[in-house]
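Participant: Residue numbers (the numbering used here): 258 to 513.
(1) Would you say residue 391 and residue 513 are within 8 angstroms of each other, going by their C-beta atoms?
(2) Around the Cβ of residue 311, are there at least 16 other Cβ atoms within 10 angstroms (buried) or fewer (exposed)?
(3) With a cut-off of 8 angstroms on the beta carbons, I'd call residue 274 and residue 489 a contact; round off their distance for me.
(4) With a cut-off of 8 angstroms, do at least 3 Cβ pairs link the segment 319–333 to the segment 287–301?
(5) Rounding to the nearest angstrom, what Cα-Cα distance links residue 500 and residue 507 in this structure?
(6) Taking residue 293 as the reference, give the member of 497, 509 and 502 with the closest Cα.
(7) In terms of residues, what are the limits of the alpha helix (DSSP H) holding residue 439?
(8) Quick one: what's got a C-beta closer than 7 angstroms to residue 486's C-beta in the same chain, skipping five residues either side?
(9) Under the rule that 16 or more other beta-carbon atoms within 10 Å means buried, what is residue 399, buried or exposed?
(10) Under 8 angstroms: do the segment 410–417 and the segment 366–381 share three or more Cβ pairs, one atom per stretch?
(11) Could you have a look at residue 396 and say whether DSSP puts it in helix, strand or coil?
(12) Of all the options 348, 340, 505 and 364, which has the alpha carbon lying nearest to the alpha carbon of residue 319?
(13) Which partner residues of residue 456 appear in the DSSP bridge assignment?
(14) Measuring CB to CB, does residue 333 end up less than 8 angstroms from residue 306?
(15) Which residue's Cα is closest to the Cα of residue 331: 405, 424 and 430?
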């Protein structure tokens with residue numbers, strides 16, 4: 258029976274500057290999570306911001322991913338320490354915090370994942386996170402396997418990305434291209450010369466601070482471009498996108 262703190266291989270890979278390929282999970286369905294768990298992805302995002310997932314839903318999906326190839330990452334609906342506390346006790350180790358606008362907000366995100374005196378995480382003795390009390394010295398060692406990613410979604414955040422990346426405990430910056438392009442006034446159009454250089458600059462600012470840079474697009478050419486530029490964790494689509502496009506193609510095959 259496992260009785261030690263599991264290694265967060267995704268966090269380690271980011272520190273080692275290894276490319277990590279991911280997928281977004283928006284279906285809220287454990288069976289879908291289970292179906293993609295062993296596909297070979299390095300990370301999978303369970304989305305709580307734009308999907309109707311609650312803490313109980315996340316717990317079921319975490320269990321369905323056990324034994325798969327990928328590290329589960331939770332995208333929170335907001336930078337909320339109370340919700341972070343619940344999810345940490347459920348065994349979540351990797352978080353994507355949306356709409357981080359400053360270094361102070363990044364520090365709050367990190368603090369929510371650390372026990373005092375480094376942070377504000379509450380203490381519970383018997384949880385899924387510490388294998389129900391079986392992990393020796395969990396409270397001292399837990400932070401070593403917790404990964405904190407800050408999502409950069411606005412021009413303001415992009416301009417401050419060097420300060421956000423410099424916050425101790427931030428493992429990487431993730432660019433949300435749809436939100437960023439919308440903030441520029443070009444909804445969902447991040448190819449524009451006003452937007453794309455900003456995406457690449459956020460990645461450069463992250464790397465300058467020794468942190469990883471991440472990105473999401475269902476378009477292969479976008480993902481190839483940022484990987485060539487030095488981004489190291491890239492999400493290549495979503496479960497619902499795969500299902501919808503697959504359904505479209507199947508209907509077209511028989512009805513065209």
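The beta-carbon is built from N, C-alpha and C at its ideal position, and this holds for glycine as well. Remember, it's a predicted structure, so these values are computed and weren't measured experimentally.
Facilitator: Here's the rundown:
(1) no
(2) exposed
(3) 6 angstroms
(4) yes
(5) 10 angstroms
(6) 497
(7) 434–441
(8) 457 and 460
(9) buried
(10) no
(11) helix
(12) 348
(13) The partner list for residue 456 (beta bridge, DSSP) is empty, contrary to what the question assumes.
(14) yes
(15) 405
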